[in-house]
Structure formats: C-alpha cells, structure tokens
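Visitor: Please read through the structure below; I'll follow up with questions.
There are 6 protein chains.
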Amino acid sequence: MRAISIETGFTKHAEGSALIKMGDTHVLCTATIEDRVPPFIKGSGLGWVTAEYGMLPRATNTRMRREATAGKQGGRTVEIQRLIGRSLRAGVDRVALGERQITVDCDVIQADGGTRCASITGGWVALRLAVNKLMKAGDVISDPMVDPVAAISCGIYAGQPVLDLDYPEDSEAGVDGNFIMTASGQLIEVQMSAEGSTYSRDQMNALMDLAEKGVAELAAAQRAATA
Amino acid sequence: MRAISIETGFTKHAEGSALIKMGDTHVLCTATIEDRVPPFIKGSGLGWVTAEYGMLPRATNTRMRREATAGKQGGRTVEIQRLIGRSLRAGVDRVALGERQITVDCDVIQADGGTRCASITGGWVALRLAVNKLMKAGDVISDPMVDPVAAISCGIYAGQPVLDLDYPEDSEAGVDGNFIMTASGQLIEVQMSAEGSTYSRDQMNALMDLAEKGVAELAAAQRAATA
Amino acid sequence: MRAISIETGFTKHAEGSALIKMGDTHVLCTATIEDRVPPFIKGSGLGWVTAEYGMLPRATNTRMRREATAGKQGGRTVEIQRLIGRSLRAGVDRVALGERQITVDCDVIQADGGTRCASITGGWVALRLAVNKLMKAGDVISDPMVDPVAAISCGIYAGQPVLDLDYPEDSEAGVDGNFIMTASGQLIEVQMSAEGSTYSRDQMNALMDLAEKGVAELAAAQRAATA
Amino acid sequence: MRAISIETGFTKHAEGSALIKMGDTHVLCTATIEDRVPPFIKGSGLGWVTAEYGMLPRATNTRMRREATAGKQGGRTVEIQRLIGRSLRAGVDRVALGERQITVDCDVIQADGGTRCASITGGWVALRLAVNKLMKAGDVISDPMVDPVAAISCGIYAGQPVLDLDYPEDSEAGVDGNFIMTASGQLIEVQMSAEGSTYSRDQMNALMDLAEKGVAELAAAQRAATA
Amino acid sequence: MRAISIETGFTKHAEGSALIKMGDTHVLCTATIEDRVPPFIKGSGLGWVTAEYGMLPRATNTRMRREATAGKQGGRTVEIQRLIGRSLRAGVDRVALGERQITVDCDVIQADGGTRCASITGGWVALRLAVNKLMKAGDVISDPMVDPVAAISCGIYAGQPVLDLDYPEDSEAGVDGNFIMTASGQLIEVQMSAEGSTYSRDQMNALMDLAEKGVAELAAAQRAATA
Amino acid sequence: MRAISIETGFTKHAEGSALIKMGDTHVLCTATIEDRVPPFIKGSGLGWVTAEYGMLPRATNTRMRREATAGKQGGRTVEIQRLIGRSLRAGVDRVALGERQITVDCDVIQADGGTRCASITGGWVALRLAVNKLMKAGDVISDPMVDPVAAISCGIYAGQPVLDLDYPEDSEAGVDGNFIMTASGQLIEVQMSAEGSTYSRDQMNALMDLAEKGVAELAAAQRAATA
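Line by line, the protein sequences are chains A, B, C, D, E and F. The numbering of the first sequence is UniProt numbering, which starts it at 1 and goes up by one. The numbering of the second sequence is UniProt numbering, which starts it at 1 and goes up by one. The numbering of the third sequence is UniProt numbering, which starts it at 1 and goes up by one. The numbering of the fourth sequence is UniProt numbering, which starts it at 1 and goes up by one. The numbering of the fifth sequence is UniProt numbering, which starts it at 1 and goes up by one. The numbering of the sixth sequence is UniProt numbering, which starts it at 1 and goes up by one.
Here it is in structure tokens:
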C-alpha cells in the first residue's frame, strides 16, 4: 500500500476539510452543512449525506476537458459520486444526524489511480470534522458516526492479487475493483469487475483478504487525523 | 427465482433481438451491427460491444419523465448501460469478432425490479443472434462468444438472502446487488451495496452461493432460446 | 390499407394501454392519469390531454441515435407529439373530463411508415381505457369522449393517390400527409405537403375521399378493441 | 386581407433581404448563399434551401424568453422553420440551382398573427433576390424559381371563414391553418387544424376558396417588389 | 464619429423602443416593464434594470450560427449583455424606480463595429421612454434617470487614437475598448484592452479625451430623441 | 496589499504549475503544452495561449453549485477566463512560441476576493515554467516572454482608493476593477466599473497610481518564484 497522509483544515470556509494523499493521488475533500434536505425526506426528521466528485483538468497525465465546458458530468464522474455518497451514508445514523444535509465535495488535485477510494477515505474525515462541529455546538447530541468508513482498491495485475493500484497498474489490470468497509470489518460495498476477462471465486476471496488488511491501515490513519 | 421467458426475433429490423421476461420485468433487447468502431481502437483489428439502456416512461408504477425531454440520461441510466456493455464485452473475444461494433439496446417495456440483470441476460441473446448472422455470412469465422454471460440480482431482505428481487423486495432490501457470471461459473462483475446498513463476509458468501444457482438456470434458458 | 391489430392491456402499470399494429408498424400507447394540470388551466375546472412520442433506437432499418443521448428531442419528434396531443384533445370534452391531466405516451417499437397516424389511432384507445377507469370509479360522470378520433396517412405515389403508405412508399411519395378525423366524419386536422413538387386541388379532393374510407375502418377496429 | 408592404434591401450584408409587413406583423427575411451543402446531398449536384425562424423577445405583447437563453429552440419554432424551408424548396428547381445552399432567416420584429405565412411570402422575395445575384454573376444559368411561392392563413372565426387572421382573431379561432401555394394556383402545403372542436369538408372547401384569392394578391405584391 | 440616428417607437408592443444607427451599425432596443423583480431584491423596495443582447444571424458579413440553435449564448454575448445591464443600472436611482424590473433587449439588425456601445446609448433611450410612461401613469413620482448614460468605443488604429471604430478598423486595432459615461462627464465603466500588444498611460489619457467629446455628442442625440 | 506567496511545482503532471496565495485567496495554476492549435491559426506558424477558470464548490463562504452540474459555465466564469487568456497572450511573442498551444488552467481552491487577478499573476508563472521547459528542450529558441504580466484589483471603498480588495471590501465597493500590466509599466487591460454609482477621472487616475505600485511588487514575486 502506498504512503497515506491526511491534512485536515486545508481550506478555511468549509465546515470540515481534508487533503488526503495516497502516494501521488491527492484529493481535497470538503464537507458543507446545510439546513435544507432533499424533497423526498422533508419533514421526516432524517438527515442526508451526499457527495460530488470532480477532477481538475490537469490532475492527469494529459489534460482532460473540463466538465463545465463539456456541458455535463461524464458517466464515470456520476458513477463515482454516487458511490461516494452511498458509502458515506452507510456509516451515518441519519436519525442521530437530524434533518440537515451534508455535502462532501471530493476534488482531485493530482491523480495516480484510486481516486474514488481516496475520496471516500478522505471524505469520511471531512464529514467527521463537520459533524464534530455540530456536536460541539449542541446541534447534534448523539454521535451519528460510530464506525469509520474507508475504501481501498484491489485488482489482479500480472496474475497476482494487488492492493491499492496506482495508475500504471490500474490501467493494465484485467480485473479490478473497490472494497468499501467499516473499521470494524463490515462490508458496505463490493465492486469487482473484469474488463475483457473473468475471475474465479477463489481469486475474489484472495482480494477480499487483502482489502481487509488495507482498510485497517486506512482506519488507523483516519483515527490519527481526527483525534 | 421468477419465471423466465425469452422470445427471439421480436422486431424485424435488428440483426438480433429478444424480449426477455423475468416475472413482470419485460425488456426488449436488440443488437445492431455496424462496420465502424470507436476512434480509440480504429485500425487495431479489434471489435467493440457497447450497450444503451432506456425505460419507457410508463414502464413503472408512476410515470417517469422521458430522458429525451429532461435533456440527458440520468446517473442511474448511465451506470446501468456502462455495466451492461462491460459485462457483455467480457464474454466476447474481440479479436475473433473483428473490427466492427455491435450496439445492444435494452429498453424496459415494463419494470418490476432487476431490469439491469434482465438486460444483460437478454442482451447476451440478442448479441448471440447477431453474431450468428455474421458467422453464417462468413464475416466472422471463429466464434467470439464461447461462454454465455448472464446476470442475477441478490439481496438481504427481511434478514434473509434472496435471489432475483422484484420491485417491492428490492426497495425494502437493506443490501442488494448483482452478480454477472459466465455459464461456466466464472465471475465477471460483482456489485453488492448496502444502503444505510452493512453486511458481513459470511452474508456475502451466502449470496454468492445463491447467485451461482440462479445463473445456471438463466444460462439454460439462454441455451434454449438460441438453440 | 394494411392489416390492423389493437391489443389492449399490453402493460400492467398504465391506466390504459394498447399495442397497435398497422402492418409492420408497431406502436405501444399508454395513458397516465394525474391529478395535476398545467399551470395555465389551474383552477379552471378544465382537464388536459397531452402526448409524448418516441422511437426505440432500432425501431428503424438502421439504428437511430437515442434522443436522450443527443440531449434533446428532434424537430420531427416535437412536431409529431404536438400533433398527437392536439388531435386527441379535439375529441375530448375537457369540461366533462374535469381538472386532471392524461398523458398519452406513444413509443414506436417497430417502424414501417405511418407511425404518427398509428400513434393517434392507438393513443385514442389507451385514452378511452383510462377514461373508462375514471368513469367506473365515479370520478368522471358524463363521458368526455363521444366521437372516436383516428388518423390515416395518404399520398401521391407513382402518380396515384394511395392510402396508408408504408415506409418504402412514403419515402418515394412526392406528396404525402395525414388526415385526422372523427368516426362521424368531421375533420380535426389536415396536413398535406409536397416535397420538391406541387399538387392540384383535384388531387387533394381524391386523397380526402380515400381518407374518409380509411378512417371508417380504423374506427371500427377501435370500437372492437374497446367494446 | 391586411395591407401588404415589402421593402427589399433592408440590410446590406445579405445576398437578398426583405422586410415584409402584413398589417402589424413585420418580418425581416434575409437569404445567405453558401458553397457547402448538407452532407446527405454532397456530390449530387443538387442545391439546398433551408430556413430558420426567430422572434425578437418583445415582438409580442408580453415579453417572451429569448430562445438562446432557454438553451434551445421551442417546438413551435422548429415546426415553423421546417415548414418555411419545405415550402420554399417546393418552388425551387434544385438541379438548376446547382450544388450550393441558401439559408433564409426569418426574424419577426413585430408580431400580430400570421408570422409563418409572412415569413414564407417574404422569404421567397429574399431568396429570389439572392438567386438573381447568382444569375447575374453567371453562377446559375437557368432560372430555378419559375413559379413564386406565397402563404396565407385562414380560419373559422365567430362561425365565419376568415382570411389572414390577426392575433386577436387567431387566438379566438377554433379552426385555423395555412395554405402554401404557387402563383399559378398549385398547392404546396395545407395545414388546417382544430383546437377543441372539429370542422366539415364543406368548411374546408370554403377556406380553400378564400386562400386562392389571397395568394393571388400576395403573388402580385411579390412581383412588384422584385420587378 | 459616424452619423447618429435614433428613431423612437419602432415597435408597437414595447413600453419603450428605439432603433439606433451609428453609421452602418443598427440596433433595435426595446424596454419591457414587469412587476416582478429578481429574488435577491424581493421585498427591498428597490427596482432592477437588466439587459439582453442578440444578433440576427445575417447582421454580419458572413452568416453566424443562431445562438438558439447552438444551445446557448456565447461568451461574447454574455459579456456584452452584462455590460449593458451594469451600465444602464448605474444611471438609475433604484429607490425612485420602485420594486419593478425593466428589461432592455438590444438586438443587432446590422453590424459594423461598436454594437455594444450603440446598445447602451440606444438602450438608455428605450429605458427613458418606458420610465416616462411610468411617470405619466403616476406609478413613479420622482424621476429615477437624472443623468443620461451613453457609450463610445475608442482604439489605437494604425498608431493613432481613433473614436467610434467601424468593423474594419476594429478588427485591425491592436488596442480597443469602450468608455461608458454620463452626460455630465462622470465615468461608469472603462474597458481598454490590448490584443497581442500593450499601451502606455499617455495613450490611455488621449483616448479618454476623445471619449469625453464623443459622449457629449451622443448625449445631445439622446436628448433630441426623447424631447 | 496582502501577503503574496507563489509555490511552483505544486502538481507533478503539468508542464508548469504554481499555487499562488494573495492573502486568503489561493489559486492553483497549471500550464499544459499541446502541439495542436485552434483551427483559425492552423498553418500560420503562430502559437496560442488560452485560459480556463474554475472554482471548487466550497472555495467560497457558502457552497456554490458545481458548473459541471449546472450544465454550463456561468457568465462570470466565461468573462474571467477570456480576460486571463487575453492578458497572458499580450505578454507572449506568438511567433517566437511557434505553432503550439499552451492552456493555462486557474482553479480557485479558496476565495477571498481578487481571484481573477491572482489567476493572471500566478498563471503567468505557470506559463513561464512551461516555456522554460520548451526552451530547455530546444523546441523554442528565442524567449517569447520578455516582459512579465501581472494583475491587481483596485476600488473605491468607503470613499478611499484601495488596492487589492479582499472579499468584504470588494462586495462593499461602489467602484472596482482590475489593472493588468507588464513589469515595465505598460498597460494591457483596464477594467473599472461602477455598480449603482459613478466615478470621476481624478479618481481613475488615483487608482492607476496605486495599481502601478502594486504590479511592481507582484512582478518582484514572480521574478523570485521563477529565478
């Protein structure tokens, strides 16, 4: 696994913020608290956590077209931000959060593989800091975030199961995916897909063993950053 | 698992077509052969398989806004059609297919849960029929589709692992996902996600056991329809 | 005129539905009842009937781009759905309908010329079934649909007036158009246009004679389907 | 019929231009010659005539939203500009025109009913002037525009057939439409539609009688303007 | 400076209208009064003035694509209409205007350089006429427009400071810009930009001297038109 | 003037990059070299410099909607990126640069007023570093960037001319603008606009005196960062 670094408070306006670095992948995560919730839960007393994802045009090796210029978010972006939102929600007690929305923005400053996993891991930290603020202010009484959420990528590269693929590994891997888990080892989301090949159930199990170890390390880094 | 029915040749223009019914979920799948390929593989000699997905506005219990009116495909649509394309490609030898593109359109006529899985299973049949036509015409010599691809949804509903969820089950399930596999039992894609809860590795294994049985049944239906 | 078939109840969710076949042209029509009306008639006590039209990408001989992907409905689509809505409204007593909206979706499953006329004829059947449901429930007392509405295409093909053109005829015809009429022989809309040629008033009259006969046959099929 | 005025050469850049006034309806028509043709006729030797239509935001009694701001042309605009293009093409010998495109822009400066008919009548004048320029330069030898094209609206207003409806008449008329004809009395397009009512074949004939007289007057005004 | 002409009352529907001609640049300006204001000043008692800008497709030497077809206003259009709105607001006492909005539409009929300046100068006249109507009706008591607003372009062309550039001058000028001023000589907006070169402070001062003279002439023409 | 800091090499992929901080305004600037140029200068031998501008959603005090979600860049964004591109081009000898394009992306990480000026000043540094790389590689022989370009905002706040406004000052200032200049004191662009008020020529001169001092300081910081 690559070196992890989580720097909190990277920007001054957001209720919570963290710059997470997984090797050369750097993602700025900010959490914004708003009093309104989406229409479908208005009046329910439940809170909501959602996420948006973006990449700076030159976060990658060759410049990518800005999505604002293209006129819409691409399919990959939409898929990723839905995954981040779903994953973070799984670690939040929405009753305890109360009827408010927290939006976690994950913007990739520099990309080298695994940006969606870094976004979830770093996004959880930004969310944790924002919720801390709510608890300190007495707006939230019971902690809605008891079990931290982190994510790690895995894949089969050159025939071997590999953890936390960087971009060159990722683009060569015939099978790759993401494991989103809680610090206590429960699963939130598993996505493992083959491109132009297949994999066996044994290989799937080997990857899951690796992922469990990786997530434990990430959870430790989260704990240290938010202590 | 709900009753399966696959009616081939449902429309006359497409190179391959199938109306698949999984209980009350009905999806019309058509396969279109074109001589052009996407720019990124031009001149490579490789073929391409892609998919698009849509729902008729009143396929669902309440009418949904037409995506053509909304001005874009929603995030859910984009996610689904990328999954269908990826899954079908995994079962195709793109060298044997040769430099041509096959587009599989999956349009939901009536929805009752599991539309993306039905699309993959039925889409494979439409693709198979189109490729048969290419082989009959001598345009393709070696069969590029040796191992059939099918998909089944699973979830944890009322505490129990359940196969092939219908809409009421699906909307209540705290954990649900899809297994895309080949008839020979290899995995192509696993997606298992929790909404507002988590699941254990044992539960994951129980679901995978169920899925293996379901896919075997689907593969039999595909075999019968394309015999 | 080509063989007519109207199969009602083709989908289970819609308040009214019909699959109409005019030869190889197959259109699925569904009617959706909603309690809201457009802003410009709110509080007026009047009802509203509107229509939307779409084509599955491979309904035609070569695959057409999905309008949801293109980002908007094309000019032809907009023209057609405005015509369908206008025609159906002409056969509805909006006072008797009461302040509610019925949306008729016409989706072409397979196209072989005359899809807009089939949409109107089949759309009227779906609408009739939905209104029957309202009357059975006692929500509508006086029948708002006394005179059935049907539509037939005509044209001058190879110098001869022709009824109900199929696609090869339609694309060769120098003059073609549509007659929308009631079962009792009143006109609702006449559209007759020449592309790169002109026509005389005598020819116009000959086409209208043909259309009157065609609409009588269609009205009989509608009666049979909704008896 | 309202007073007609056609002022040619209203703008200096266009190859042909005319400001047509039908009472208080004022439309500026310009014709632009380009050497390229649409892809579907490239290399055919045939010419193309197309049209676009727009309204200034305050051409109407209350301000309408600018279509450029709304992000697309509305359904009404698309319908109208397709009609104008089709009508003008019917009066042009595309072989004689040669492989070039002429775009006729019709922009409504002030609206008081009948803007699409004024656009066709005035658009023909702009087109005529542009073609004159091509003939003078020797780029076109045989005149491609032998029979002038004009359009007039008709309707049933207060029970009576009426010619050239202004806006108050038009918005009250239960039946209204447009007749596009050549100066020699041939029909190009008939559109007659009822909104919330129907009409008889006798009424249709009465309207057509009126239209023939109106178009004769318009053709005289076109002749005078382009003499 | 080119010949100025301002014709008021060019269209009948708008509360104020003027066709301004600066040489061969012709812009139709209309002012529309509405009772609603933008959300951000609702209930403040303050009025709002805003502007929109457009060009007819063949206002220019070669035909430009219609923005409604392109699906959005271009960057140049947005820049210009924001400038017009800002400039006109600077000359309006928004308390005296009262809580209403006036939209000034500036549509270029024919372009030959300096369209944004002509829009501001002519737009002020349309606005003045609309406000006159409000004052005559007693809806506005104290005149909100005490100091007229006009605009003139300047640039350095062939090494010399030049006033009111026409299109050939403008496209050759290495430095050009706009001065928006009041009739009493106060500045509202200065924009002076170099393309591929630079300019000195002395040159800037020379241009401002020229502009002061030009605006005085424009203010006289505005006075004459609205007397 | 607020404290200036310029950190070069902030991201690893771009040919040039700089994180500029003007007080609490932080902008990440990257320069991307591409061999292609825009169509209008293809084959001319001239180079091109262009810019794009964006803001992270929570760069500001309250979260702003992501432009990629809104479906287009707002008017303010378009205005700003056109200004940045124009300003940087003014400091580049496009013949010496040769037929290649450099795109400067300016993404605001944290905003506190003056983001467009910081983008120009920092963008010049990123551009300088990218050009250095071209010169080192021998792709460019003669230095195309002889006179550095920097920008500073000015305004009249509480009756006093003020340099380098932060956000609270900027939102209160009745008059504000930007001066873009070269290190040698030549002007590139002046924009000074009043919102709801006016200013005199003397005030304009006082602001320009201030700006000259500010740009000198910025040029020193640029020199230090790129030494």
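Using N, Cα and C, we set each Cβ at its ideal position, and we do this for glycine too. No experiment lies behind these values; they were computed from the predicted model shown.
Hey, how far is the Cα of T32/C from the Cα of A31/A?
Guide: Reading the third sequence from its first residue, position 32 is the one you call residue 32/C. Reading the first sequence from its first residue, position 31 is the one you call residue 31/A. If you take the alpha carbons of T32/C and A31/A, they lie about 41 Å apart.
Visitor: For Q160/E, list the residues DSSP reports as bridge partners.
Guide: Mapped onto the fifth sequence, residue 160/E falls at position 160. Note: Q160/E sits in a beta bridge opposite Y157/E.
Visitor: What does DSSP give as the partner residue(s) for L187/E in the beta ladder?
Guide: Position 187 of the fifth sequence holds residue 187/E. The partner list for L187/E (beta bridge, DSSP) reads M181/E, Y199/F.
Visitor: Can you list, in chain order, the residues of its chain whose CB lies under 7 Å from that of E7/C, leaving out five sequence neighbours each side?
Guide: By 1-based counting over the third sequence, the position of residue 7/C is 7. So the qualifying residues of the chain are A18, L19.
Visitor: Strictly under 8 Å for the Cβ-Cβ distance: is Q101/F near chain E by that measure?
Guide: What you label residue 101/F is simply residue 101 of the sixth sequence in a count that begins at 1. Chain E, which has no Cβ nearer than 8 Å to the Cβ of Q101/F, makes this no.
Visitor: For a contact meaning CB atoms closer than 9 Å, what does M192/D contact in chain C?
Guide: As a position in the fourth sequence, residue 192/D is number 192, starting the count at 1. Here the neighbours are L187, E189, V190, Q191.
Visitor: Contact check, V95/E vs L46/E under 8 Å by CB: the rounded distance?
Guide: If you number the fifth sequence from 1, residue 95/E lands on position 95. If you number the fifth sequence from 1, residue 46/E lands on position 46. Yes, they are in contact, since the Cβ atoms of V95/E and L46/E sit about 6 Å apart, within 8 Å.
Visitor: Taking Cβ positions only, does E52/B come closer than 8 Å to chain C?
Guide: To locate residue 52/B, count along the second sequence from 1; it is residue 52. Chain C contact via Cβ: present.
Visitor: Taking the straight line between their C-alpha atoms, what separation do you get for G155/B and G214/B?
Guide: If you number the second sequence from 1, residue 155/B lands on position 155. If you number the second sequence from 1, residue 214/B lands on position 214. Between G155/B and G214/B, the C-alpha separation is close to 13 Å.
Visitor: Return no unless some Cβ of chain B is closer than 8 Å to the Cβ of N205/C.
Guide: By one-based count along the third sequence, residue 205/C stands at place 205. Chain B contact via Cβ: absent.
Visitor: Please report how far the alpha carbon of M204/F lies from the alpha carbon of V140/E, in whole angstroms.
Guide: As a working mapping, residue 204/F is identified with position 204 in the sixth sequence. As a working mapping, residue 140/E is identified with position 140 in the fifth sequence. Cα to Cα, M204/F sits roughly 34 Å from V140/E.
Visitor: Check the C-beta distance from I120/B over to L88/B and give it rounded, since I have them as a contact under 8 Å.
Guide: Reading the second sequence from its first residue, position 120 is the one you call residue 120/B. Reading the second sequence from its first residue, position 88 is the one you call residue 88/B. Correct: roughly 7 Å between the Cβ atoms.
Visitor: Please check if any C-beta of chain F sits within less than 8 Å of the C-beta of S153/E.
Guide: Position 153 of the fifth sequence, counted from the first residue, corresponds to residue 153/E. Output row for S153/E: interface = no.
Visitor: Taking Cβ-Cβ distances below 8 Å as the criterion, which residues of the stretch 156 to 176 of chain B are in contact with chain A?
Guide: Here the close residues number zero.
Visitor: Does the beta carbon of N61/D sit closer than 8 Å to a beta carbon anywhere in chain E?
Guide: Counting from one through the fourth sequence, the residue named residue 61/D turns up at place 61. With 8 Å as the cut-off, N61/D counts as an interface residue toward chain E.
Visitor: On the DSSP bridge list, what partners appear for M192/D?
Guide: Numbered from its first residue, the fourth sequence carries residue 192/D at position 192. M192/D is bridged to V190/C, G177/D.
Visitor: Could you say if the stretch 92 to 111 of chain A and the stretch 21 to 30 of chain A meet the contact criterion of at least three C-beta pairs nearer than 8 Å?
Guide: Touching, yes.
Visitor: Within 10 Å of its beta-carbon, does S200/B have 16 or more other beta-carbons around it, so buried, or fewer, so exposed?
Guide: Within the second sequence, the letter at position 200 stands for residue 200/B. S200/B should be labelled exposed.
Visitor: Applying a beta-carbon distance threshold of less than 9 Å, which residues of chain D neighbour T32/E?
Guide: As a working note, residue 32/E is residue 32 in the fifth sequence. Ordered by position in chain D, the residues that pass the 9 Å Cβ test against T32/E are P57, R58, T62, R63.
Visitor: Strictly under 8 Å for the Cβ-Cβ distance: is Q222/F near chain A by that measure?
Guide: By 1-based counting over the sixth sequence, the position of residue 222/F is 222. No, because no Cβ of chain A sits closer than 8 Å to the Cβ of Q222/F.
Visitor: Just to confirm the assignment, what range does the alpha helix (DSSP H) spanning E172/E have?
Guide: The residue given as residue 172/E occupies position 172 in the fifth sequence. Residues 167 to 172.
Visitor: Could you confirm whether any beta carbon from chain E is found closer than 8 Å to the beta carbon of I109/D?
Guide: Locating residue 109/D in the fourth sequence gives position 109, where the first residue counts as 1. True, the Cβ-Cβ gap to chain E drops below 8 Å.
Visitor: Would DSSP call A150/A helix, strand or coil?
Guide: Within the first sequence, numbered from 1, the residue matching residue 150/A stands at position 150. Strand.
Visitor: My output table needs one value for V92/E: the three-state DSSP class, helix, strand or coil.
Guide: In the fifth sequence, the residue the question calls residue 92/E occupies position 92. Three-state DSSP puts V92/E in coil, outside helix and strand.
Visitor: Can you list, in chain order, the residues of its chain with a C-beta nearer than 7 Å to that of G185/D? Leave out the 5 residues immediately preceding and following it.
Guide: On the fourth sequence, position 185 is the one that residue 185/D refers to. Excluding positions up to five away in sequence, the list reads E212.
Visitor: Would a C-beta distance cut-off of 8 Å place G98/C and E169/C closer than the cut-off?
Guide: Against the third sequence, residue 98/C aligns to sequence position 98. Against the third sequence, residue 169/C aligns to sequence position 169. In this structure, E169/C does not lie closer than 8 Å to G98/C by Cβ.
Visitor: Give me the chain F residues within the contact set of A90/E, using Cβ-Cβ distance strictly less than 9 Å, ordered along the chain.
Guide: Stepping through the fifth sequence from its first residue, residue 90/E is reached at position 90. Result: S193, A194, E195, G196, S197, T198.
Visitor: Chain F partners of D147/A, CB-CB under 7 Å?
Guide: Stepping through the first sequence from its first residue, residue 147/A is reached at position 147. Under the 7 Å cutoff, chain F gives no residues; its nearest Cβ is about 26 Å from D147/A.
Visitor: Give the C-beta separation of I102/D and V49/D to the nearest angstrom, bearing in mind that I take them to be a contact with Cβ-Cβ under 8 Å.
Guide: Looking up residue 102/D in the fourth sequence gives position 102. Looking up residue 49/D in the fourth sequence gives position 49. With 8 Å as the limit, I102/D and V49/D qualify as a contact, their Cβ atoms being about 5 Å apart.
Visitor: From R76/B, P144/B, F179/B, A151/B, pick the residue whose C-alpha is nearest to that of G123/B; which is it?
Guide: Counting from one through the second sequence, the residue named residue 123/B turns up at place 123. Answer by Cα proximity: A151/B.
Visitor: From which residue to which residue does the alpha helix (DSSP H) around G122/E run?
Guide: Translated into the one-based positions of the fifth sequence, residue 122/E becomes position 122. Segment 115 to 136, the alpha helix (DSSP H) holding G122/E.
Visitor: Please list the partners that T69/E has in chain D, where partner means a Cβ-to-Cβ separation under 8 Å.
Guide: If you number the fifth sequence from 1, residue 69/E lands on position 69. Those are E52, Q73, listed as they occur along chain D.
Visitor: Can you tell me whether A137/B is buried or exposed? The criterion is at least 16 other CB atoms within 10 Å of its CB, across all chains shown.
Guide: Residue 137/B sits at position 137 when you count from the first residue of the second sequence. It is exposed - the Cβ of A137/B has fewer than 16 other Cβ atoms within 10 Å.
Visitor: Among I84/F, D105/F, T77/F, P144/F, which one has its Cα closest to the Cα of R82/E?
Guide: Numbered from 1 along the fifth sequence, position 82 holds the residue referred to as residue 82/E. Comparing Cα positions, the closest option is T77/F.
Visitor: Here's a check: name, in chain order, each residue in its chain whose Cβ is nearer than 8 Å to the Cβ of T60/A, leaving out the five neighbours to either side.
Guide: Mapped onto the first sequence, residue 60/A falls at position 60. Correct list, in chain order: A111.
Visitor: Taking the Cβ atom as the reference point for each residue, do L165/A and M1/A lie within a distance shorter than 8 Å?
Guide: Here residue 165/A refers to the residue found at position 165 when the first sequence is read from its first residue. Here residue 1/A refers to the residue found at position 1 when the first sequence is read from its first residue. Taking 8 Å as the Cβ cut-off, L165/A and M1/A do not qualify as a contacting pair.
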